[in-house]
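Written below as structure tokens is the structure these notes are about.
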Amino acid sequence: KGPYIEALPDFEKGDLLRNLLEENGGFLHNAFSQLPDSLLDRALHSHQQKAFISACRDNKSLLVATGTGSGKTECFLYPLAHQLLNDPDPDEPGVRCLLIYPMNALANDQLYYRIAPLFGQQLAEQKISFGRFTSQIRANTSREEEESRLRGNDKLMHALGGKIPSHWRLTREEMLERPPKILVTNYA
Numbered sequence: 001k002g003p004y005i006e007a008l009p010d011f012e013k014g015d016l017l018r019n020l021l022e023e024n025g026g027f028l029h030n031a032f033s034q035l036p037d038s039l040l041d042r043a044l045h046s047h048q049q050k051a052f053i054s055a056c057r058d059n060k061s062l063l064v065a066t067g068t069g070s071g072k073t074e075c076f077l078y079p080l081a082h083q084l085l086n087d088p089d090p091d092e093p094g095v096r097c098l099l100i101y102p103m104n105a106l107a108n109d110q111l112y113y114r115i116a117p118l119f120g121q122q123l124a125e126q127k128i129s130f131g132r133f134t135s136q137i138r139a140n141t142s143r144e145e146e147e148s149r150l151r152g153n154d155k156l157m158h159a160l161g162g163k164i165p166s167h168w169r170l171t172r173e174e175m176l177e178r179p180p181k182i183l184v185t186n187y188a
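Under the numbering used here, the first residue of the sequence shown is numbered 1, with each subsequent residue one higher.
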């Protein structure tokens, strides 16, 4: 009976993302400097830093197994951004990354509050396309309808600076005609 509180120690801290951008032989793409100071000046967890260096500088595959809220998304999203920014054939059509989530709710949360802000606003100049192909994206829906639906999400619109990027593939038809570089979906 009553409230229970469990205090977990914070994860071991690593370096600032800004320092990784400026150090380690300059292996990060210059576009990372466009990220907001709030991201560049935040200390990474040590496991995020190790994942970032391992994937980006050393070009190694990795598996990250850590708890909820430990920053697993950054362990793959920053290296993914780095790889896409260094794509030798960026105009070549085709999906470069398939992000598969177990549920629509998680796919939506990651898309709206992590992927769309990163690629749709913070790295918008690079025009790295992304889209979500799940049962929630209906066939024969216009881009205007989808944009109108998204504009009702105040938190998303704030994260995007009030504008839905043109390189966000919103409809099934857009994704089939010009597949996004990053495709978010679920196992179903």
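Idealized CB from N, CA, C, for every residue including glycine. A quick note: this is a predicted structure, and the numbers were derived from the prediction, not measured.
Asked, Found
"Stretch pair the segment 24-40 + the segment 78-93: three plus CB contacts closer than 8 angstroms", "yes"
"Touch test, the segment 100-117 against the segment 148-162, Cβ-Cβ under 8 angstroms, three pairs minimum", "yes"
"Among T68, N19, S54 and Y4, nearest to F11 - alpha-carbon criterion", "T68"
"Neighbourhood of Y113 by C-beta distance below 8 angstroms, restricted to the same chain and skipping five residues each side", "K155, L156 and A159"
"Distance between beta carbons of A43 and D15, contact taken as under 8 angstroms", "7 angstroms"
"Per-residue burial, A7 [other beta carbons within 10 Å of its own, 16 or more giving buried]", "exposed"
"Under 9 angstroms between C-beta atoms of T185 and I100", "yes"
"Pair within 9 angstroms by beta-carbon distance, L35 and Q122", "yes"
"L170 beta carbon less than 9 angstroms from that of L150", "yes"
"L63 to S142 span [Cα, whole Å]", "38 angstroms"
"Residue burial classification, Q136 (beta-carbon count within 10 angstroms, cutoff 16)", "exposed"
"Residues of its chain near P180, where Cβ-Cβ distance is below 6 angstroms and the 5 sequence neighbours each way are ignored", "S129, F130, G131 and R169"
"Helix, strand or coil at L185 according to DSSP, with G and I counted as helix", "Strictly speaking, residue 185 in this sequence is Thr, with Leu absent from that position. DSSP places T185 in strand when its eight states are reduced to three."
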